[in-house]
Amino acid sequence: MIKAIAIDDEPIALKIIEDHASKIPFLQIDASFTNAFHAIEYLKKHTVDLLLLDINMPDISGLDFLKTLTQKPLVIFTTAYSEYALESYEHDAVDYLLKPFEFGRFLKAINKASERLNESPQTYIFLKSGYEYVRLELQDILFVKAEGNYMKFVCKDQTVLSRLTLQETEEILKHSELIKVHRSYLANFQLADKIEKHQIHFGEHLVPITAEGFDKIQQAL
Numbered sequence: 046m047i048k049a050i051a052i053d054d055e056p057i058a059l060k061i062i063e064d065h066a067s068k069i070p071f072l073q074i075d076a077s078f079t080n081a082f083h084a085i086e087y088l089k090k091h092t093v094d095l096l097l098l099d100i101n102m103p104d105i106s107g108l109d110f111l112k113t114l115t116q117k118p119l120v121i122f123t124t125a126y127s128e129y130a131l132e133s134y135e136h137d138a139v140d141y142l143l144k145p146f147e148f149g150r151f152l153k154a155i156n157k158a159s160e161r162l163n164e165s166p167q168t169y170i171f172l173k174s175g176y177e178y179v180r181l182e183l184q185d186i187l188f189v190k191a192e193g194n195y196m197k198f199v200c201k202d203q204t205v206l207s208r209l210t211l212q213e214t215e216e217i218l219k220h221s222e223l224i225k226v227h228r229s230y231l232a233n234f235q236l237a238d239k240i241e242k243h244q245i246h247f248g249e250h251l252v253p254i255t256a257e258g259f260d261k262i263q264q265a266l
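Using our numbering, read the sequence shown as starting at 46 and increasing by one per residue.
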């Protein structure tokens, strides 16, 4: 369980974070603050894993807030201003969320934080599928296919459709065995029944591969 606090001078922004967080089983918001100095006092008495921290606040910026802490948790910055992005990464931020951000983007950032906190490599991901949040074991994903604005995750025992881009999917799966074998497909060739020059067989499923994709597989074998 990731223990976090949220700090933002706008109550509406905090409500959005709390609503997003309530949908993630492994994330717990222990407290929310519109006053950064109250958060400083809280952190003197409590330990947290993660800060969800606004940058542009009236009394003290999120960047200056971090400088007051002797023990720094992981931090995900939230802001409406893109010009702070470079400086935020100088503070080793997990991620930088540009307001307004959708749940999918928020979940991606929390997955990154989870990876940082886990000593062992991440073995699963959570995906939004319709009105549900589905846990997928990375070792069970056979292949992923881009279908319009969605990605189809075909696993050993289930198929899940999630609203993601291919680029977002590659980022989420960067610690898995899946590689890009085609402009629309990622595949775990180690789970394949047969690999041919132009396609991979996963049972009844055929995944097309490009020449570049086939070269990647040959290099990995």
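For every residue, glycine included, the Cβ atom is placed at its ideal position computed from N, Cα and C.
_Bounding residues of the alpha helix (DSSP H) (the contiguous stretch that carries A84)_ = Stepping through the sequence shown from its first residue, residue 84 is reached at position 39. For A84, the enclosing alpha helix (DSSP H) stretches over residues A81 to K90.
*Drop a sphere of 10 angstroms on the beta-carbon of D140, count the other beta-carbons inside from all chains shown, and report buried for 16 or more, exposed for fewer.*
Working through the sequence shown from its first residue, we reach residue 140 at position 95. A residue is called buried when at least 16 other Cβ atoms come within 10 angstroms of its Cβ; D140 meets this threshold and is buried.
*With C-beta atoms as the reference, is V189 less than 7 Å away from L231?*
In the sequence shown, residue 189 corresponds to position 144, counting from 1. In the sequence shown, residue 231 corresponds to position 186, counting from 1. A contact, by the Cβ cut-off of 7 Å.
*Could you please give the first and the last residue of the uninterrupted beta strand (DSSP E) stretch that includes T123?*
For the purposes of this step, residue 123 is taken as the residue at position 78 of the sequence shown. Residues L119 to T124.
*Would you call the CB atoms of A138 and F148 closer than 7 Å?*
Within the sequence shown, residue 138 is the residue found at index 93, counting from 1. Within the sequence shown, residue 148 is the residue found at index 103, counting from 1. The Cβ atoms of A138 and F148 do not sit closer than 7 Å to each other.
*Are the region 82-101 and the region 193-207 touching by the rule of at least three beta carbon pairs closer than 8 Å?*
These segments do not touch.
*Does the region 250-259 come close enough to the region 221-235 to have 3 or more Cβ pairs within less than 8 Å?*
Using a Cβ-Cβ distance cut-off of 8 Å, the region 250-259 and the region 221-235 are in contact, since at least three pairs of beta carbons, one from each stretch, lie closer than that value.
*asked:* Rounding to the nearest angstrom, what Cα-Cα distance links L143 and E160 in this structure?
replied: Numbered from its first residue, the sequence shown carries residue 143 at position 98. Numbered from its first residue, the sequence shown carries residue 160 at position 115. Spanning the two alpha carbons is a distance of roughly 21 Å.
*Cβ-Cβ distance between V93 and I50 below 7 Å*: Sequence index remark: in the sequence shown, residue 93 carries index 48 (1-based). Sequence index remark: in the sequence shown, residue 50 carries index 5 (1-based). Taking 7 Å as the Cβ cut-off, V93 and I50 qualify as a contacting pair.
*So what does DSSP say about E215, is it helix, strand or coil?*
Residue mapping note: residue 215 aligns to position 170 of the sequence shown, counting from 1. Here E215 sits in helix by DSSP.
*Hey, how far is the Cα of Q116 from the Cα of D75?*
Residue 116 sits at position 71 when you count from the first residue of the sequence shown. Residue 75 sits at position 30 when you count from the first residue of the sequence shown. Those two C-alpha atoms are separated by around 18 Å.
*Among F71, I52, E63 and S67, which one has its Cα closest to the Cα of M46?*
Within the sequence shown, the letter at position 1 stands for residue 46. With distances taken between Cα atoms, M46 lies closest to F71.
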